[in-house]
Amino acid sequence: MDCVHDSDRKRQKPTPKECNFEGEPAECTFHHDRLPQCGYLVLDGGRAELPCDVNVTTVEDDVTLILWHREDSGSPLYSVDARETTLPSAKHFPSINMSSRAYFNASGSPSVLRIDGVKKSEEGLYRCRVEYRRSRTETTDVLLTVIVPPKEAIIMDEYGQHLRGVIGPYNEGFPLGLACEGEGGQLFFISFILFGIYL
Numbered sequence: 089m090d091c092v093h094d095s096d097r098k099r100q101k102p103t104p105k106e107c108n109f110e111g112e113p114a115e116c117t118f119h120h121d122r123l124p125q126c127g128y129l130v131l132d133g134g135r136a137e138l139p140c141d142v143n144v145t146t147v148e149d150d151v152t153l154i155l156w157h158r159e160d161s162g163s164p165l166y167s168v169d170a171r172e173t174t175l176p177s178a179k180h181f182p183s184i185n186m187s188s189r190a191y192f193n194a195s196g197s198p199s200v201l202r203i204d205g206v207k208k209s210e211e212g213l214y215r216c217r218v219e220y221r222r223s224r225t226e227t228t229d230v231l232l233t234v235i236v237p238p239k240e241a242i243i244m245d246e247y248g249q250h251l252r253g254v255i256g257p258y259n260e261g262f263p264l265g266l267a268c269e270g271e272g273g274q275l276f277f278i279s280f281i282l283f284g285i286y287l
């Protein structure tokens with residue numbers, strides 16, 4: 089992963105880079121007084137894959153524990169316990185509301201927490217904490233944004249009548265007034281297109 093992590097912060101001056109992981113690319117923002125954040129965008133009801141760099145640098149070292157938290161929650165929403173085994177054989181413990189929707193894949197680069205059926209209420213700051221047998225603990229923050237797409241757009245004439253399919257006939261040269269309405273969770277834009285040209 090291209091983001092600078094907590095263990096690198098004192099040794100390296102961070103510069104903004106792109107996080108290379110599946111999903112919408114997002115810029116990492118760095119702050120001197122806190123950990124770097126990466127952004128991840130997902131549609132409401134879609135799948136999120138939140139990155140967490142598991143970096144074992146020596147053969148004598150290994151991962152012992154991985155903890156995922158959301159915001160400032162006391163209990164982890166997902167944990168991987170490898171204190172008495174190796175990471176491939178570690179035990180996975182998703183929280184109750186994540187039990188059938190979440191899985192941590194440690195074999196990728198970076199490793200990711202996969203969450204299916206993401207809800208708008210689940211957006212926010214997620215924190216991955218990785219503990220090692222010998223190396224110092226690393227922590228990565230991921231800011232998850234859930235996009236609620238607009239509902240079906242409704243086209244109306246100047247009198248407020250709903251229009252569907254082919255409209256008209258209209259006299260050539262006379263003004264035509266059309267309005268379009270749509271509802272959604274976020275601010276969105278509506279455009280009229282005629283023969284591939286935005287009006």
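Read in order, the letters of the sequence shown correspond to residues 89 to 287 in this note's numbering.
Just so you know, even glycine gets a beta-carbon here, dropped at the ideal spot from N, CA and C.
Identified DSSP bridge partners for residue i
i    : result
N193 : V200
S167 : L155, F181
L266 : D245
P139 : V200
Y128 : L232
Y286 : I281
L251 : I243
Presumed contact (8 angstroms Cβ cut-off) between residue i and residue j, rounded CB distance
i    : j    : result
E172 : R222 : About 16 angstroms separates the two Cβ atoms, so there is no contact after all.
L129 : T233 : 5 angstroms
S183 : S209 : S183 to S209, Cβ: 14 angstroms. No contact.
A194 : V144 : Contact doesn't hold; Cβ gap of about 11 angstroms is too wide.
V236 : G134 : 11 angstroms between Cβ atoms; not a contact.
T152 : Y220 : 6 angstroms
I278 : G270 : 6 angstroms
A170 : A178 : 4 angstroms
Proximal residues to residue i (C-beta, below 6 angstroms), its chain only, five neighbours per side dropped
i    : result
I154 : V168, V218
C216 : C140, W156, T228
F181 : S167
A241 : C268, G270
Q249 : none
E112 : A caution first: E112 carries a pLDDT of 45, below 50, which makes its placement in the model unreliable, though a value can still be read off. Correct list, in chain order: L129.
Opening and closing residue of the beta strand (DSSP E) in which residue i lies
i    : result
M244 : 242-245
G212 : 212-220
V234 : 226-235
Nonlocal neighbours in the same chain, by C-beta distance under 8 angstroms from residue i, ignoring five residues either side
i    : result
M186 : L165, Y166, I203
I281 : L287
Contact set for residue i: own chain, Cβ-Cβ below 7 angstroms, skip 5 residues either direction
i    : result
G212 : R158, E159, L232
H119 : Caution applies to H119, whose pLDDT of 35 falls short of 50 and renders its modelled position unreliable; the model cannot decide the point.
D245 : L251, G265, L266
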